[in-house]
Every structure is written in C-alpha cells, then in structure tokens.
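Notes follow the structure.
Chains as they are written, first to last, in my numbering: chain C, 60 to 368; chain R, 9 to 502.
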C-alpha cells in the first residue's frame with residue numbers, strides 16, 4: 060500500500076494524479092468522474108433492478124411466464140391491456156350517445172342539441188374512416204362518386220333510405236342491395252356511334268344544353284325506345300331503379316358531351332359496399348344521420364324531390 | 009465584566025455591534041459560501057408599519073377565498089375564483105372568459121407601471137414592504153426569534169453543540185415554519201376551487217390530485233424561500249433588483265444614509281463635542297438589523313430591499329445620544345448632495361419620468377375600464393364550410409354551410425332571432441330550429457353554442473363569384489344584438 064502510494068504521481072498544475080501513461084511527453088491525468096455524475100449512475104443502476112422486478116423486462120422460457128414470452132413484473136404491466144382498456148373506456152363514454160341515437164327519428168335528432176352534436180361528431184369520424192375515400196372528406200364527391208351534400212339522390216334521400224343504402228350497399232352481393240344495370244349501348248353494339256351521339260345531344264338538351272336540332276329530334280326517338288323505361292319519358296328518372304334524373308343540373312359522370320357519350324357507350328356500374336356486418340348498427344345510424352344532415356336530406360314522404368316522381 | 013470589555017463602545021452605554029455586512033460589495037467574494045444573517049429585531053415606526061402591512065397582506069391572502077358573491081344559481085358564489093374546469097375567472101362583479109385573457113394582460117401591465125411609478129417615487133417600496141418574499145421571510149424570522157431569541161442568542165445557539173435545548177428550539181422552529189408553509193400552499197389552492205369544499209376535501213383526502221400537488225409545491229417553496237434561502241432569493245433569483253437601477257434615479261426617495269451628517273463617523277466619548285465630527289457613532293445597529301446583510305452607509309446597492317429597518321435602528325440610537333433622528337432616512341441622492349453644500353432640499357414628485365409612468369398607467373387603466381364597461385355579453389362568430397366550398401343543387405341554386413358560434417356570457421338563458429343581412433332571396437335553414445319558428449336560436453346561460461346553418465341562393469340570384477352578407481342575432485328580451493360578417497360563395501365563373 061505504501062509502495063503504491065509512493066508510486067502515484069500528481070500533476071503539479073492541477074494536483075490530480077496521473078495514470079502513469081505517457082505519450083510523447085504528455086501525461087494522462089486520472090481525473091475522477093464528478094461525484095454527482097457517479098451517484099446518478101449508481102442510482103440508475105439501482106433503478107434498473109427495481110424496474111426489472113416491477114415491470115416486464117426479461118425474455119422468459121416458454122411456459123415460465125404464463126402466456127407471454129417475457130417476465131411480467133410485480134405490477135403485471137401490459138401496454139396492450141392498457142390500450143384495450145382505454146378503447147373500452149372510450150366506447151363506454153360513447154355508449155350513452157349511441158344509445159340515445161337508437162330508434163330516434165331524424166326530427167328527434169335534429170331537435171336535440173346534444174344528440175345533434177353527437178351525431179355530427181360521431182358521423183364525421185365514421186365518415187372520415189369509411190366513406191371519405193370515395194366520397195371525399197367533405198362528402199363533396201368526385202366524377203362517378205356522388206356528392207352527398209346536394210339534393211340529388213339516386214336511391215332516395217330520407218333518413219331511412221340513406222340508412223338502407225349504407226346497410227346493403229349498391230350492386231353488392233347482399234340480397235337486399237340496391238341493384239339496376241344500364242346496358243352498355245356501345246360496347247354491346249345495341250346502338251351505333253351516331254345513334255349514341257344523338258341520344259347524348261337529346262339528353263343534354265333536357266337540362267338546357269344546346270345541340271343540333273336534327274340530332275336532338277333523332278335522339279329523342281331513340282331515347283323513347285331505349286331509355287324511357289328507366290329514365291322516364293320526360294327524363295325525370297326513377298329512384299326505384301336508381302335511374303338518375305336527366306333534366307337537372309347534376310351529372311354524376313360529367314356534363315361534357317364526350318362524357319355523356321362515353322357513359323352511354325359503356326353503361327355505368329357504380330358500386331358501394333354493403334356496410335352491415337362491417338359497422339355496427341349504431342355507427343350506421345350515426346352515418347346516415349350525418350349524411351342526411353349535410354344539407355340535402357329529404358323528410359319522409361318528400362319523394363317528390365327533383366329526382367323523384 | 010471581562011466579556012463586556014471586549015466590546016468596543018460606540019457611545020456611552022451603547023456598544024458597538026460586531027455585525028458585519030456579509031453581503032457588502034467589498035466583503036463578499038464572488039464564489040464565497042453564503043453566510044447566515046441574523047437580523048436583529050428593530051423597533052420603530054417602520055417596523056410597526058411593516059407589521060401592519062404583513063397583517064393586511066396575509067389577511068387578504070387568507071380571507072379572500074372565503075368571501076362570497078351571489079351570481080345566481082348556475083355560477084359559483086366564490087368572490088374570487090379561477091375556475092379552470094369551467095374556464096372562467098371570477099372577480100366579484102367581473103367574470104372573464106378564456107378569450108378575454110387580455111384583461112389579465114392589462115392588469116399585469118398596470119401592475120408593472122405601478123411598480124415603475126412607485127420605484128421612481130419611493131425606490132423599492134414594493135420589495136421592502138409588500139413583496140411576498142419579504143412578508144413571508146419577515147414572518148419566518150419572527151418565528152425564528154420566538155424560538156431561538158434575538159440576534160445574539162441565535163448566533164450563540166447555532167455555535168453551541170447539540171443539546172436538548174438546541175434540539176427542541178430547532179425542531180419547534182422548523183415545525184412552525186412547515187405549518188406556515190402548508191397554510192400558504194393550502195390557501196393558494198382555495199383560489200382554484202370552492203374554498204369551503206376544498207378545505208373539507210383537502211383534509212379528508214378527497215381533493216383533486218392537482219390540489220395536493222400545488223399545495224405541496226408551494227409548501228416546499230415557501231419553506232425553502234422564506235426559511236432557508238431568504239435574501240438569496242432577492243439577490244440572485246429575482247430580476248427586479250437588476251431592473252430597479254433603471255427605474256430609480258437621483259430624485260427618488262430611497263432609504264439613504266445622510267453621509268453629509270454622519271461623516272466622519274466614529275465612537276463618541278462622553279464629554280466629546282459633536283462639532284467637527286459626524287453624527288454616526290459607528291454602532292453598526294443599521295447592519296445588525298439588516299435582513300440583507302448590507303451596510304446602508306455604503307450607499308444604495310443591489311442587495312438592499314429598502315425595508316427601512318435600518319432607519320428604525322438608527323433613529324433609536326440617535327435619540328439615545330441626543331442627536332436628531334433621520335441620519336438614515338428616506339431621502340434623494342440629489343438632496344444629500346445639496347445638504348452637503350448647505351443648500352435646501354428640493355423634492356420633485358412631478359418630473360418627466362413619473363409623469364410618463366403615471367400617464368401610461370392612466371391610459372391603460374382607462375382602456376381597460378372602457379373595455380370592461382363596454383364588454384358585451386353576447387358574441388357571434390361564424391365559420392363558413394370550406395369542404396365543400398359550395399354545393400350546387402339540382403335546380404342550379406347554390407348552397408353554403410356555416411357554423412354559427414353564439415357566446416352567451418350572461419347568467420340568463422337567451423332566445424334570439426337570427427337575421428341574414430344580404431341578398432333578400434337567400435333562403436336560411438337552421439339545423440334544429442323549431443319548425444314553427446325557423447329563425448329562432450336559443451342558448452343556455454353562460455354557454456357557447458354552435459348552430460349549423462345552410463344558406464341557399466337561387467340560381468337566378470347568382471350574379472358573381474361571391475356575395476357579402478352579415479349574420480345578426482338579437483335577444484328577444486333584452487334587445488342585445490351581435491353581428492358577424494360572412495359571405496356566400498357561388499362558384500360562378502369557375
């Protein structure tokens with residue numbers, strides 16, 4: 060011991076002992092770690108042991124730690140369980156809102172500020188998750204995907220009708236789905252190119268677009284033979300068949316002549332999934348009310364809307 | 009007797025104190041460890057004034073949460089309440105919503121200007137009398153004195169080895185300190201929840217976790233700041249001592265040593281004449297009573313909080329030696345110089361600095377008063393839907409959606425009429441409005457409510473990409489009205 064102490068060399072300037080190593084005349088100081096740093100280091104070591112005991116920390120051999128592959132710790136902490144509990148909590152919080160929604164008429168929803176607020180929030184959330192991909196975040200729609208804000212409804216715009224559409228979808232394999240099919244007049248060679256062009260001119264003229272008078276007259280004849288059974292003689296459409304009103308200003312597939320010709324040529328086949336089974340009834344209620352309340356909803360029995368008859 | 013001989017005498021019957029100004033500029037080294045200060049109890053008018061200020065400020069702090077103010081059945085009846093859960097601030101007849109936080113801003117500006125003005129006139133009176141740090145430190149020193157005695161006894165006790173006597177005094181002191189600290193932190197939380205409920209809940213363990221947290225934090229800070237840190241808070245932590253140099257000037261009434269009268273200082277012998285010497289007998293009582301550990305005779309200095317206790321101590325001595333009091337007094341630097349030249353003192357309370365502070369104070373106060381008097385209890389905001397920006401209906405008419413936010417700050421529910429001022433052909437639909445009264449908006453007391461509105465402009469009325477309009481709601485009972493501008497986007501020309 061005394062020998063050792065004798066060997067220790069202290070730096071003259073700082074008073075710190077050296078390690079005895081020398082490189083090119085430079086001696087390495089053996090400056091100790093600051094005490095506060097060292098104590099924090101010891102404290103973290105101690106903390107690690109406490110953590111191992113309390114929290115899941117170590118991989119475990121199969122069967123040694125129950126169903127998991129790691130030690131559970133005394134606190135039996137599980138982040139997965141926490142998330143499940145939080146989700147259950149959230150559902151419990153929302154339950155009262157969904158319970159109030161069940162069986163409520165759209166008038167009741169509209170007149171109850173609390174329920175109205177709930178429907179708009181819950182509906183917007185469900186819409187964003189499930190519907191916005193096709194209909195747009197603001198339900199404004201795209202070519203081929205209807206705008207849900209306006210007053211145009213292919214299959215009816217009452218709360219009940221909207222709910223039915225959401226539940227069973229359009230042209231799905233659900234037995235209760237809305238179904239109809241417009242022929243592909245061009246592709247299946249039911250009409251010639253010029254005939255299709257004339258029908259397009261006639262249909263466009265129904266909503267005030269200008270076209271050649273001869274073409275319109277010719278198109279009208281073909282229309283009455285080929286189209287009037289679904290779209291009605293006056294072009295006002297038929298909701299029972301999802302046949303749109305051709306006299307209004309709304310064009311699902313575009314109002315350009317080329318677009319109209321194209322759609323007569325190939326025949327549209329727009330589909331929407333059936334949501335029953337994917338979403339619970341309460342969520343479908345909220346979605347239907349949300350869509351209804353976007354501004355275009357029709358009160359029951361008001362099927363004389365622009366696309367109705 | 010031999011003990012007494014060690015003491016130098018400052019004057020017949022007056023010993024020179026051994027007190028050292030531990031924080032004086034020439035004494036304190038930059039990295040020196042803190043030296044404990046043992047302020048001696050002073051007696052006199054400023055000490056009495058400080059006791060009074062302490063009683064009043066502590067009284068306000070502890071009593072205010074228990075004052076009641078009737079605001080009707082739907083609002084809390086606590087006179088002063090910061091209601092975080094309800095997002096309201098109540099101050100007697102004033103009720104402030106979160107968006108009106110500018111009242112608090114204004115109040116802080118007023119407080120700052122008042123501080124500037126007070127400093128320009130009377131130096132650091134805030135520090136010396138009313139600052140919580142000063143008040144609580146004073147209180148803690150009072151407790152310390154009650155347990156351990158005055159300056160000399162405390163110094164002896166601290167130097168003495170541990171004994172039962174020392175132990176119980178120390179334990180007693182710290183216990184009372186902790187109780188006061190707890191009462192300080194405990195009273196703080198009463199300002200944030202109903203005081204009576206909170207008090208009951210606090211001791212039964214049912215108060216909110218945040219209540220215990222803040223009570224705990226403030227107990228800790230009170231105990232450390234007033235008990236153990238004391239003058240270091242003022243010297244090192246508080247920014248005000250640094251700012252004050254810019255606020256005070258040569259014409260401000262500061263606690264000042266009249267060196268024109270005092271110098272040359274020195275012990276005074278019984279038969280010695282007072283001619284050709286100063287009144288200061290160098291008894292160092294001013295240093296002994298100083299809670300900041302400075303010597304006021306070195307002039308104004310950063311550490312001095314101007315608590316005026318040295319005035320009391322010095323006046324006491326001056327009376328004993330038969331000299332006029334006021335050797336240390338509230339005086340301006342300019343006047344001390346004038347005294348030295350044999351001139352008369354001059355006091356100018358109205359000077360550019362004070363006038364600017366006072367004017368700024370009055371302007372801010374007037375603006376705030378005006379804002380408070382004209383504060384509306386009915387507000388209206390609108391937000392137009394942007395997704396979709398507009399909706400073209402089947403007949404070519406255009407519809408825009410809006411969220412109308414009505415703020416009712418009154419303690420009464422309201423029934424209001426909505427009017428859309430703009431193109432008369434606009435059709436209005438309010439979601440959830442009664443069928444027989446489609447333009448009626450109703451709102452509960454003290455609430456905000458969102459209304460969903462759809463405005464439809466017929467196709468033949470569209471004559472541009474947008475039309476300006478204005479929403480107006482009018483209370484059917486009181487006639488109060490609020491408006492907000494908006495527009496309808498038609499998409500024409502796109």
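Even glycine gets a Cβ: it sits at the ideal position worked out from N, Cα and C.
Annotation: residue 71 of chain C is outside any beta strand (DSSP E) and is labelled neither H nor E by DSSP. By the CB criterion at 9 Å, residue 159 of chain R and residue 296 of chain R fall inside the cutoff.
Taking every protein chain shown into account, the CB of residue 135 of chain R has 16 or more other CB atoms within 10 angstroms, so this residue is buried. Relative to the Cα of residue 235 of chain R, the nearest Cα in the group R:44, R:441, R:201 belongs to R:44. By the CB criterion at 9 Å, residue 230 of chain C and residue 343 of chain C fall outside the cutoff.
Straight through space, the alpha carbons of residue 74 of chain C and residue 94 of chain C are spaced by roughly 17 Å.
The distance from the Cβ of residue 49 of chain R to that of residue 153 of chain R is about 6 Å, consistent with a contact at the 8 Å cut-off. Shown in chain order are the members of the region 172-200 of chain C whose Cβ falls below 9 Å from a Cβ of chain R: 172, 175, 176, 179, 195, 196, 197, 198, 199, 200. For residue 86 of chain C, the enclosing beta strand (DSSP E) has its first and last residue at 85-88.
For the region 451-472 of chain R, residues whose beta-carbon sits nearer than 8 Å to a beta-carbon of chain C comprise 457, 458, 460, 462. Under the DSSP assignment, residue 194 of chain C falls in the alpha helix (DSSP H) whose first and last residues are 191-194. Interface with chain C (9 Å Cβ-Cβ cutoff): residue 400 of chain R is included.
In the DSSP assignment, residue 157 of chain C is bridged to no other residue. Among the bridge pairs identified by DSSP, residue 458 of chain R is matched with R:413. In the DSSP assignment, residue 391 of chain R forms a beta bridge with R:411. Along the region 91-160 of chain R, the beta strand (DSSP E) occurs as fully enclosed runs of 3 or more residues at 96-99, 102-104, listed in sequence order. Distance check between residue 94 of chain R and each of R:211, R:202, R:16 places R:202 closest, using alpha-carbon atoms only. Of the candidates R:98, R:113, R:170, R:113 places its Cα closest to the Cα of residue 376 of chain R. Taking the CA atoms as reference points, residue 267 of chain C sits about 12 Å from residue 403 of chain R. Apart from the 5 residues on each side of it in sequence, residue 249 of chain C sits with its Cβ closer than 7 Å to the Cβ of 242 in its chain, given in chain order. Within the region 401-415 of chain R, the residues whose Cβ lies closer than 7 Å to any Cβ of chain C are, in chain order, 401, 402, 403, 404, 407, 409. Classified as exposed, residue 244 of chain R has fewer than 16 neighbouring CB atoms from the shown chains inside 10 Å of its CB. In this structure, DSSP gives residue 166 of chain R a helical state, which the three-state scheme calls helix. Taking 4 residues as the shortest admissible run, the region 333-397 of chain R contains the following complete alpha helix (DSSP H) segments, listed from N- to C-terminal end: 341-348, 360-381. Residue 393 of chain R belongs to the set of residues whose beta carbon lies under 9 Å from a beta carbon in chain C.
As the crow flies, the alpha-carbon of residue 349 of chain C is around 18 Å from that of residue 154 of chain C. For residue 449 of chain R, the enclosing beta strand (DSSP E) starts and ends at 448-451.
In this chain, residue 80 of chain C is not harboured by any alpha helix (DSSP H); it is covered by the beta strand (DSSP E) spanning 77-82. Scanning chain R for C-beta atoms nearer than 9 Å to the C-beta of residue 309 of chain C yields 400, 401, 402, reported in chain order. Taking a Cβ-Cβ threshold of 7 Å, the residues of chain R close to residue 352 of chain C are 439, in chain order. In the same chain as residue 500 of chain R, and ignoring 5 residues on each side of it, the C-beta atoms closer than 7 Å to its own belong to 470, 472, 473, in chain order.
Of the candidates C:236, C:233, C:282, C:270, the residue whose Cα lies closest to the Cα of residue 255 of chain C is C:282. The shortest CA-to-CA distance from residue 466 of chain R to any of R:458, R:460, R:363, R:498 is the one to R:498. The beta-carbon distance between residue 462 of chain R and residue 407 of chain R, rounded to whole angstroms, is 6 Å. This is short enough to meet the 8 Å contact definition. For residue 255 of chain C, the enclosing alpha helix (DSSP H) covers residues 252-265. In this model, residue 495 of chain R and residue 185 of chain C are separated by some 30 Å (Cα to Cα).
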